[in-house]
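Enquirer:
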Amino acid sequence: MSDACCGPQDPRETAADTAARGADEDHGPERLWQVRELRLALVAAVVLAAGWLTGLGGAERVGAGLELVAAVVAAATFVPGTLRGLPRRRIGVATLMTIALIGAVLLGQTVEAAMLGILFSVAEGLEHYAIARTRRGLRALLGLVPPTATVLRGGAEVRVAPDELVIGDRLVLRPGERAATDGVVRAGRTSLDLSAITGESVPVEAGPGDVLHAGAINGGGAVEVEVTARAADSSLARIVHVVEQAQERKGGGQRLADRVAKPLVPAIMVLAAAIAGVGALLGDPLLWAERALVVLVAASPCALAISVPLTAVAAVGAASRQGALVKGGAALEELGKVGVVALDKTGTLTRNAPAVVAVLPVAGAGRAEVLSVAAALEARSEHPLARAVLDASAPAAVAEDVTAVPGHGLTGVLDGRALRLGKPGWVPPGPLAGEVDRWQAEGATVVLVERDGALLGAVAVRDELRPEAAEVVAGLRGLGIGTAMLTGDNRRTATALAERAGITTVHAELLPEDKARIVADLRGRRPVAMVGDGVNDAPALATADVGIAMGAMGADVAIETADVALMGEDLRHLPQVLAHARHARRVMLQNMALSLVIIGALIPLAGFGLLGLATVVLVHESAEVLVILNAVRAARITPLPHVRVPDSPAALNLTVTPAGPRSDGCCEHC
1 MSDACCGPQD
11 PRETAADTAA
21 RGADEDHGPE
31 RLWQVRELRL
41 ALVAAVVLAA
51 GWLTGLGGAE
61 RVGAGLELVA
71 AVVAAATFVP
81 GTLRGLPRRR
91 IGVATLMTIA
101 LIGAVLLGQT
111 VEAAMLGILF
121 SVAEGLEHYA
131 IARTRRGLRA
141 LLGLVPPTAT
151 VLRGGAEVRV
161 APDELVIGDR
171 LVLRPGERAA
181 TDGVVRAGRT
191 SLDLSAITGE
201 SVPVEAGPGD
211 VLHAGAINGG
221 GAVEVEVTAR
231 AADSSLARIV
241 HVVEQAQERK
251 GGGQRLADRV
261 AKPLVPAIMV
271 LAAAIAGVGA
281 LLGDPLLWAE
291 RALVVLVAAS
301 PCALAISVPL
311 TAVAAVGAAS
321 RQGALVKGGA
331 ALEELGKVGV
341 VALDKTGTLT
351 RNAPAVVAVL
361 PVAGAGRAEV
371 LSVAAALEAR
381 SEHPLARAVL
391 DASAPAAVAE
401 DVTAVPGHGL
411 TGVLDGRALR
421 LGKPGWVPPG
431 PLAGEVDRWQ
441 AEGATVVLVE
451 RDGALLGAVA
461 VRDELRPEAA
471 EVVAGLRGLG
481 IGTAMLTGDN
491 RRTATALAER
501 AGITTVHAEL
511 LPEDKARIVA
521 DLRGRRPVAM
531 VGDGVNDAPA
541 LATADVGIAM
551 GAMGADVAIE
561 TADVALMGED
571 LRHLPQVLAH
581 ARHARRVMLQ
591 NMALSLVIIG
601 ALIPLAGFGL
611 LGLATVVLVH
621 ESAEVLVILN
631 AVRAARITPL
641 PHVRVPDSPA
651 ALNLTVTPAG
661 PRSDGCCEHC
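Heads up, the sequence shown is in full-length UniProt numbering, so the first residue is 1 and it goes up one at a time.
1) Valine 402 lies in the beta strand (DSSP E); which residues open and close that run?
2) With a CB to CB cut of under 6 Å and the five nearest residues on each side skipped, what residues in its chain are close to alanine 75?
3) First and last residue of the alpha helix (DSSP H) that includes arginine 31?
4) Compare the beta carbon distance of methionine 550 and glycine 412 with 8 Å and say whether it is the shorter of the two.
5) Going residue by residue through the stretch 315-396, where are the continuous beta strand (DSSP E) segments of at least 3 residues, counting only ones entirely within it?
6) Helix, strand or coil for aspartate 537 per DSSP?
7) Drop a sphere of 10 angstroms on the beta-carbon of proline 208, count the other beta-carbons inside from all chains shown, and report buried for 16 or more, exposed for fewer.
8) What would DSSP say about valine 211, mapped onto helix, strand or coil?
9) Would you please state the rounded distance, in angstroms, between the beta carbons of alanine 494 and alanine 508? I believe it to be under 8 Å.
10) Can you tell me whether phenylalanine 120 is buried or exposed? The criterion is at least 16 other CB atoms within 10 Å of its CB, across all chains shown.
11) State the CB to CB distance for the pair alanine 396 and alanine 363, rounded to an integer number of angstroms; the pair is presumed to be in contact (CB under 8 Å).
12) When the Cα atoms are used, what is the spatial distance from threonine 543 to alanine 418?
13) Find the nearest neighbour of leucine 68 within the set Glu112, Leu286, Thr98, His128, judged by alpha-carbon distance.
14) Which of the three DSSP states is assigned to methionine 485 in this structure?
15) Does the beta-carbon of glutamate 60 have 16 or more other beta-carbons within 10 angstroms, so that it is buried, or is it exposed?
16) In the DSSP assignment, what are the bridge partners of aspartate 514?
17) Can you list, in chain order, the residues of its chain with a C-beta nearer than 7 Å to that of aspartate 169? Leave out the 5 residues immediately preceding and following it.
18) Assuming the contact rule is C-beta atoms closer than 8 Å, valine 502 and valine 473 should be a hit. Round their C-beta distance to whole Å, please.
19) Out of Leu96, Gly220, Ile518, Val313, which has the shortest C-alpha to C-alpha gap to alanine 187?
20) Have a look at Phe78, Pro539, Ala45, Ala368 and flag the residue whose alpha-carbon is nearest the alpha-carbon of alanine 70.
21) Secondary structure at glutamate 290, three-state DSSP: helix, strand or coil?
22) For threonine 82, count neighbouring C-beta atoms within 10 Å of its own C-beta (all shown protein chains included) and say buried if the count is 16 or more, exposed if not.
23) Give the secondary structure of aspartate 24 by DSSP, where H, G and I count as helix, E and B as strand, and everything else as coil.
24) Take the Cβ of threonine 95 as the centre, count every other Cβ of all protein chains shown within 10 Å, and call the residue buried at 16 or more, exposed below.
25) If you reduce the DSSP assignment to three classes, tell me which class methionine 567 lands in.
26) Does DSSP put serine 191 in a helix, a strand or coil?
27) Going by DSSP, which residues form a beta bridge with glutamate 60?
28) Can leucine 171 and alanine 565 be called in contact, C-beta distance under 8 Å?
29) With alanine 272 and alanine 292 assumed to form a contact (beta carbons below 8 Å), what rounded beta-carbon distance in angstroms separates them?
30) DSSP on asparagine 490, reduced to helix/strand/coil?
31) Classify glutamine 576 as buried or exposed, calling it buried when 16 or more other Cβ atoms lie within 10 Å of its own Cβ.
32) From valine 341 to glycine 416, what does the alpha carbon distance come to, in whole angstroms?
33) In whole angstroms, give me the CA-to-CA distance for phenylalanine 78 and serine 307.
34) May I ask you to list the residues that DSSP assigns as paired with asparagine 218?
35) Expressed to the nearest angstrom, what Euclidean distance is found between the alpha-carbon atoms of glycine 51 and valine 62?
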């Protein structure tokens, strides 16, 4: 708190100083009794009580001396720092408190001065403790890294510190052990517990070739892992770094609090001086000086200055422990206002693992022949659907002279015979028309295969819907948040998937710029969050009020592109983080309203002499403690209300909006 809450950072403070100060805060006191401000406040309170009792016993001079000592002890928590900041023109809340405390002592009100110092120290200590506890929770993520790791070097197992691991080391991970850094499984099979990292409770199966992230717990057999990143550069370390930076970013509410608090401090000083000066001309100078000090304390915007930052720190840290990276107060506030969520289909609503679900050859052709010809053309494509065809077929020759026909498909030559693959309509479905229509109605993407002008067959590929998709959409609806699907896929496939997920608004056959345009249109009605993969959906993510990247664990691009990154693959994190942001935003608004009401009520009461210094100090500092305690509530994750998933999503009234003909040379099966 102190001056930093309302004054600018000292320009002479170096980056190293800032980092060191941040490290001290992160590793701050673990118990209340370890907080320096609280210990000094307790000592001052004991001394003040002793002085009061001594005075009652008749030793008034000794009692007054003890009261003065109590004021000095309490002032030790903030007065020295305030005086050091004055030559640097650092004026803040603590400056007002210092003036008030010194003025009260000079006016002989040592009891009131001691009370002011004690209560201000208690509030400052509680804030320090609350921030340190929140940041300790975040830093505890790094505690997921074990103190030692076992590696194979020179044919023997060696125990080393994680910092000694180098890229290429072969890490041995036994059952129950945590991974010290990122790597790729090279030998053995196991199940990985990622709950502490991504918030997902279901273990993930892993075998040779699968990626393993730092902090993952080996829940099965022993595996050997090739190290792909140093411990300091692991995905877990990057996540902690991103959230630490995010906690420093200011949101709209915090900027508003700053805009009010910063000019308020010098204005209060001018007001107090005016009250003392004008009052001295009209009446008793000491009386009006006392009133000026009371106004100085009453108008202090300390609670306002800390109300939003402390809430943001608590909420961002709590979200990170639940598998969501929220990039600071700005993103948190926007997330709390979201009224519509636009969801990309591939990789968000679906598993992003398309597979061939059906192959139908015409009479005289075989299933293997259809797949072989399709694979000969798709071998030149990098599209995920092409990969599905290649995975389903046996190794085949690669076609020559492969050409993409804009908006239609692919052509090529194999063994002197002309091949063609593309969407129904460009390649006539012939006798397969009925089956093609049925597959598309069931959400599959269909391509037809032709050789020398004769139809060979049809291949249906489908990227399956995530099993939790319908539950998530129902959960968003329960929060009063609308949903819309944005996809480049054809209308029939998009419609089928939307029906199964319970989404009523579908925008199909979109290019990346189309998605950005639709998101911009949606923003005209309500704040919009766009959920995508963080790369292909970058224009839409940037256009939305909040961009949310799915499955960002270990993906630098996703973490950097979006305002919010969901670390796991479980889509249920989405309604959870939205509900959490709404709760945090309510806490922010409550704190700001309480702070402004207290200031607005105390100033006139103090100015007209209706409240004394002791009463104003008690009310003011009690309000600050209340704001701190309320801000800590933002760290609580509220369970989502139970929602019923519609039994028949297909009965919903769908609004399907195509973007029009594709013009990028990509066929419909893309």
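Built from N, CA and C at the ideal position, the CB exists for glycine as well.
Only a predicted model underlies this, so the values are computations on that prediction, with no experimental measurement involved.
Expert: In short, the structure shows the following:
1) Here the beta strand (DSSP E) through valine 402 covers 400-405.
2) Excluding positions up to five away in sequence, the list reads Leu101, Gly117.
3) Premise fails: arginine 31 is in no alpha helix (DSSP H) and is neither H nor E.
4) no
5) 324-326, 340-344, 355-361
6) coil
7) exposed
8) strand
9) Their Cβ separation, rounded to whole angstroms, is 4 Å, which keeps alanine 494 and alanine 508 in contact under 8 Å.
10) buried
11) Wrong, their Cβ atoms sit about 22 Å apart, outside the cutoff.
12) 44 Å
13) For leucine 68, the nearest C-alpha among the options comes from Glu112.
14) strand
15) exposed
16) DSSP lists no partner for aspartate 514.
17) Val151, Val227
18) It should be noted that the sequence gives glycine, not valine, for residue 502. Right, their Cβ atoms sit about 4 Å apart.
19) Gly220
20) Ala45
21) Helix at glutamate 290.
22) Buried: at least 16 other Cβ atoms inside 10 Å.
23) Summary for aspartate 24: the model assigns pLDDT 40, below 50, so the residue's position carries little reliability; its value from the coordinates is reported in the next sentence. DSSP, reduced to helix, strand and coil, places aspartate 24 within a helical segment of the structure shown.
24) buried
25) coil
26) strand
27) Beta-bridge pairing links glutamate 60 to no other residue.
28) No; because the gap between Cβ atoms is not below 8 Å, this pair is not in contact.
29) Between alanine 292 and alanine 272 the Cβ distance is about 4 Å, and since that is below 8 Å, they are a contact.
30) coil
31) buried
32) Between valine 341 and glycine 416, the C-alpha separation is close to 51 Å.
33) Linking phenylalanine 78 to serine 307 through their CA atoms gives a straight-line distance of about 20 Å.
34) DSSP lists Leu192 as the bridge partner or partners of asparagine 218.
35) 7 Å
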